[in-house]
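**Student:** Shown below is the structure under consideration.
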């Protein structure tokens, strides 16, 4: 089946909506659209960042996931205490593969889990004493940590514990920053609010720590915001920036440290990769420290070259030459990769359903490989993300916001893409449907995908998923027609 | 009343409300001189807000309290 035209896509949406009860149907209709590049604003066509309907299988996470898992977790020398019952902390530990350089348990704490393990008595009598005791314990066991953050889970907000007071008291006692983060899971409609809350917590508790004490900084100082170093992404980005002559002062938050956060106010430009989760702090720094910020995209050689040139345009000629030099150096290598994989991937169709950024950011990388994105959607994007998405996607592409399990399955069944890129919750459902799948949240245990080095891995992984011989063996032998030729091993 | 942040882009002023995460262009602002700045502001999405008229800020972006008169939220 070829890609849908506008009428077919609209008919498909109507068909999928048919199973819902009247009220749910009306609500879900607002979250599905067919792309129209002529639109200037997505607002009239798609509603986003709204509460999911009870009863559907949403793929979203909670505010705690956005705060502890996404923003705070990757800072390597900050110990994040999951304050509340044990499960939230345990299940948000290490699964995202945000790499760091350091020694676990000595100076880096990304893949360790600290929890106050709330019991019934803590809910009844309050958990503040327990938190104070826990901070003391953390401090005596891991004295080389540079800061502690208290990530609240749902009960903390429900019983009204005063974690701010405990944090202030303990911070004075141990002489380190203790940051209370009010990211109770029930806040907001998705993990997106957790990102916002964490950005605000960094703004209120950390970033002004060295105000007035920072040196002026070099003319080429930049910070990478919103790169979580998944499978080494931030490192693959950083080397390109350094190669063109920039000085990367801070990585937020993959492989980042609290010293880097405190040093960020001296940079000349904030580079924002994940707009959705870190635009808040970039806006704050723009207002308070007059640091301009820009979004960039390091997926696929076309977008990388565009981004490098745009980054360089904020600086003088040495950087501009540096950018051209970097692009010229890597272009032949990228051409070799495209020459190798494009014939194998040409014309393949992809459907994406990821968090708040990648469905639009990875479009360029897929197009570099000759592939086409036929459907894209976000779990927790806001309107401004859809405004940007409309421009990046082809006309008549299916766009879905906070898609339910049923909708996704039905879209995939009808559109029959050659690859689906989504999260772990969707992965096995689509495997069982016989559709090649890449887990696009943590790169399916691979990576990096950012930067030129990342594109090589990206191309190989996509080829590996789509052209895997196992998909030809999908039909059980007894379900094949009797005269079908025996498939040869590839 | 809510805090909003006003930035300058190539196209003109941009309205941003952190609480609701609404970002939109400002199509018109009642007063836009160095001495008197603010008043009624109209957004690209049709929303209408009011900023107490004041001296123009020395530097943008600038956070200010705004009242919603007729807003798309």
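Residue numbers (our numbering), protein chains in the order written: chain A, 1 to 490; chain B, 1 to 73.
Using N, Cα and C, we set each Cβ at its ideal position, and we do this for glycine too.
Fair warning: this is a prediction, and the values are worked out from it, not measured in the lab.
At what residues does the alpha helix (DSSP H) containing residue 170 (chain A) begin and finish?
**Tutor:** By one-based count along the first chain, residue 170 (chain A) stands at place 170. Where residue 170 (chain A) is concerned, the enclosing alpha helix (DSSP H) stretches over 163–174.
**Student:** Can you check the region 108–156 of chain A for any beta strand (DSSP E) of at least 3 residues that lies completely inside it and give the ranges in chain order?
**Tutor:** Correct list: 147–152.
**Student:** Beta carbon of residue 86 (chain A), beta carbon of residue 138 (chain A): below 8 Å?
**Tutor:** Within the first chain, residue 86 (chain A) is the residue found at index 86, counting from 1. Within the first chain, residue 138 (chain A) is the residue found at index 138, counting from 1. Going by C-beta atoms, residue 86 (chain A) is not nearer than 8 Å to residue 138 (chain A).
**Student:** Nearest chain A C-beta to residue 66 (chain B) closer than 8 Å, yes or no?
**Tutor:** The sequence position of residue 66 (chain B) within the second chain is 66, counting from 1. For residue 66 (chain B), the answer is no, since every Cβ of chain A falls outside 8 Å of its Cβ.
**Student:** Step through the CB atoms of chain A and report whether any lies within less than 8 Å of the CB of residue 63 (chain B).
**Tutor:** The count along the second chain starts at 1 and reaches residue 63 (chain B) at position 63. Yes, residue 63 (chain B) counts as interfacial toward chain A.
**Student:** Using the three-state DSSP reduction, which class does residue 70 (chain B) fall into: helix, strand or coil?
**Tutor:** For the purposes of this step, residue 70 (chain B) is taken as the residue at position 70 of the second chain. The answer is strand: DSSP assigns residue 70 (chain B) an E or B state.
**Student:** Please confirm whether residue 65 (chain A) and residue 151 (chain A) have their CB atoms less than 8 Å apart.
**Tutor:** Sequence index remark: in the first chain, residue 65 (chain A) carries index 65 (1-based). Sequence index remark: in the first chain, residue 151 (chain A) carries index 151 (1-based). Contact flag unset, no.
**Student:** Taking buried to mean at least 16 other C-beta atoms within 10 Å of its own C-beta, is residue 1 (chain A) buried or exposed?
**Tutor:** Stepping through the first chain from its first residue, residue 1 (chain A) is reached at position 1. For residue 1 (chain A), the pLDDT reaches just 40, beneath the cut-off of 50, and the residue's location in the model is therefore unreliable, although a value from the coordinates is still provided. The residue in question, residue 1 (chain A), is exposed, as its Cβ has fewer than 16 Cβ neighbours within 10 Å.
**Student:** Considering only the alpha carbon of each residue, which of A:284, A:221, A:128, A:107 lies closest to residue 83 (chain A)?
**Tutor:** By one-based count along the first chain, residue 83 (chain A) stands at place 83. For the residues A:284, A:221, A:128, A:107, the minimum Cα distance to residue 83 (chain A) belongs to A:128.
**Student:** Taking beta-carbon pairs under 8 Å, can you tell me which members of the region 5–20 of chain B lie near chain A?
**Tutor:** Correct list: 5, 7, 16, 18.
**Student:** Within 10 angstroms of the Cβ of residue 144 (chain A), are there 16 or more other Cβ atoms? Answer buried if so, exposed if not.
**Tutor:** The residue given as residue 144 (chain A) occupies position 144 in the first chain. It is exposed - the Cβ of residue 144 (chain A) has fewer than 16 other Cβ atoms within 10 Å.
**Student:** Using the Cβ count rule (16 or more neighbours within 10 Å means buried), how would you classify residue 470 (chain A)?
**Tutor:** Taking the first chain and counting its residues from 1, the one referred to as residue 470 (chain A) is at position 470. Flag for residue 470 (chain A) reads exposed.
**Student:** Check whether the region 301–318 of chain A and the region 17–36 of chain B touch, using three or more Cβ-Cβ pairs below 8 Å as the test.
**Tutor:** Because the criterion of three Cβ pairs below 8 Å is not met, the region 301–318 of chain A and the region 17–36 of chain B do not touch.
**Student:** Show which residues of chain A have a CB atom less than 8 Å away from the CB atom of residue 45 (chain B).
**Tutor:** By one-based count along the second chain, residue 45 (chain B) stands at place 45. Within chain A, the residues near residue 45 (chain B) are 41, 43.
**Student:** Measure the beta-carbon distance from residue 193 (chain A) to residue 163 (chain A) and round it to whole angstroms, keeping in mind my assumption that it falls under 8 Å.
**Tutor:** Walking along the first chain from the start, residue 193 (chain A) turns up at place 193. Walking along the first chain from the start, residue 163 (chain A) turns up at place 163. With 8 Å as the limit, residue 193 (chain A) and residue 163 (chain A) do not qualify as a contact, their Cβ atoms being about 18 Å apart.
**Student:** Would you say residue 309 (chain A) reaches chain B, if we count a Cβ-Cβ gap shorter than 8 Å as a contact?
**Tutor:** For this step, residue 309 (chain A) is matched to residue 309 along the first chain. Not one chain B Cβ lies under 8 Å of residue 309 (chain A).
**Student:** For residue 49 (chain A), which residues in chain B fall below 8 Å Cβ to Cβ?
**Tutor:** Locating residue 49 (chain A) in the first chain gives position 49, where the first residue counts as 1. Those are 21, listed as they occur along chain B.
**Student:** Check the C-beta distance from residue 203 (chain A) over to residue 284 (chain A) and give it rounded, since I have them as a contact under 8 Å.
**Tutor:** Against the first chain, residue 203 (chain A) aligns to sequence position 203. Against the first chain, residue 284 (chain A) aligns to sequence position 284. Residue 203 (chain A) to residue 284 (chain A), Cβ: 5 Å. Contact.
**Student:** What do you reckon, are the CB atoms on residue 382 (chain A) and residue 48 (chain A) nearer than 8 Å?
**Tutor:** Numbered from its first residue, the first chain carries residue 382 (chain A) at position 382. Numbered from its first residue, the first chain carries residue 48 (chain A) at position 48. Their beta carbons are under 8 Å apart, which means residue 382 (chain A) touches residue 48 (chain A) by this criterion.
**Student:** Starting from residue 384 (chain A), find everything on chain B with Cβ-Cβ shorter than 7 Å and list it in chain order.
**Tutor:** By one-based count along the first chain, residue 384 (chain A) stands at place 384. Here the neighbours are 23.
**Student:** Quick one, which residues of the region 269–293 of chain A are near chain B if we go by CB-CB under 8 Å, in chain order?
**Tutor:** Listed in sequence order: 280, 283, 286, 287, 290.
**Student:** Can you name, in chain order, every residue of its own chain whose Cβ lies under 6 Å from the Cβ of residue 51 (chain B), other than the five neighbours on each side?
**Tutor:** Residue numbering aside, residue 51 (chain B) sits at position 51 when the second chain is read from its first letter. Hits under 6 Å: 38, 64, 66.
**Student:** Using CA coordinates, which residue listed in A:281, A:246, A:275 is at the minimum distance from residue 262 (chain A)?
**Tutor:** Indexing the first chain from 1 puts residue 262 (chain A) at position 262. Among A:281, A:246, A:275, the Cα nearest to that of residue 262 (chain A) is on A:281.
**Student:** Going by DSSP in three states, residue 296 (chain A) sits in which element: helix, strand or coil?
**Tutor:** Here residue 296 (chain A) is taken as the residue at index 296 of the first chain, counted from 1. Residue 296 (chain A): coil per DSSP, three-state reduction.
**Student:** Does DSSP put residue 31 (chain B) in a helix, a strand or coil?
**Tutor:** Residue mapping note: residue 31 (chain B) aligns to position 31 of the second chain, counting from 1. Strand.
**Student:** Contact criterion: CB-CB distance below 8 Å. Does residue 332 (chain A) meet it with respect to chain B?
**Tutor:** The residue given as residue 332 (chain A) occupies position 332 in the first chain. Taking Cβ atoms only, chain B never reaches closer than 8 Å to residue 332 (chain A), which makes this a no.
**Student:** Helix, strand or coil for residue 206 (chain A), going by three-state DSSP, please let me know.
**Tutor:** Translated into positions along the first chain, residue 206 (chain A) becomes position 206. Coil, per DSSP.
**Student:** How many Å lie between residue 7 (chain A) and residue 328 (chain A) at the Cα?
**Tutor:** Taking the first residue of the first chain as 1, we reach residue 7 (chain A) at position 7. Taking the first residue of the first chain as 1, we reach residue 328 (chain A) at position 328. One C-alpha to the other measures close to 43 Å.
**Student:** Please state whether the Cβ-Cβ distance between residue 385 (chain A) and residue 378 (chain A) is less than 8 Å.
**Tutor:** To locate residue 385 (chain A), count along the first chain from 1; it is residue 385. To locate residue 378 (chain A), count along the first chain from 1; it is residue 378. Closer than 8 Å, so yes.
**Student:** For the 8 Å Cβ check, are there 3 or more pairs between the region 364–375 of chain A and the region 337–351 of chain A?
**Tutor:** Yes, they touch.
**Student:** CA-CA distance, residue 142 (chain A) and residue 177 (chain A)?
**Tutor:** Within the first chain, the letter at position 142 stands for residue 142 (chain A). Within the first chain, the letter at position 177 stands for residue 177 (chain A). Cα-Cα distance, rounded: 14 Å.
**Student:** Would you list the one or two residues that DSSP bridges to residue 37 (chain B)?
**Tutor:** Translated into positions along the second chain, residue 37 (chain B) becomes position 37. For residue 37 (chain B), which the question treats as bridged, DSSP gives the partners B:32, B:54.
**Student:** With residue 227 (chain A) and residue 234 (chain A) assumed to form a contact (beta carbons below 8 Å), what rounded beta-carbon distance in angstroms separates them?
**Tutor:** The residue you call residue 227 (chain A) lines up with position 227 of the first chain. The residue you call residue 234 (chain A) lines up with position 234 of the first chain. Right, their Cβ atoms sit about 4 Å apart.
**Student:** Does the region 401–418 of chain A touch the region 23–34 of chain A, meaning 3 or more C-beta pairs lie closer than 8 Å?
**Tutor:** Yes, the region 23–34 of chain A is in contact with the region 401–418 of chain A.
**Student:** How close, in whole Å, do the beta carbons of residue 35 (chain A) and residue 465 (chain A) come, if the pair is a contact with beta carbons under 8 Å?
**Tutor:** Taking the first residue of the first chain as 1, we reach residue 35 (chain A) at position 35. Taking the first residue of the first chain as 1, we reach residue 465 (chain A) at position 465. Contact flag wrong, Cβ pair sits at about 25 Å.
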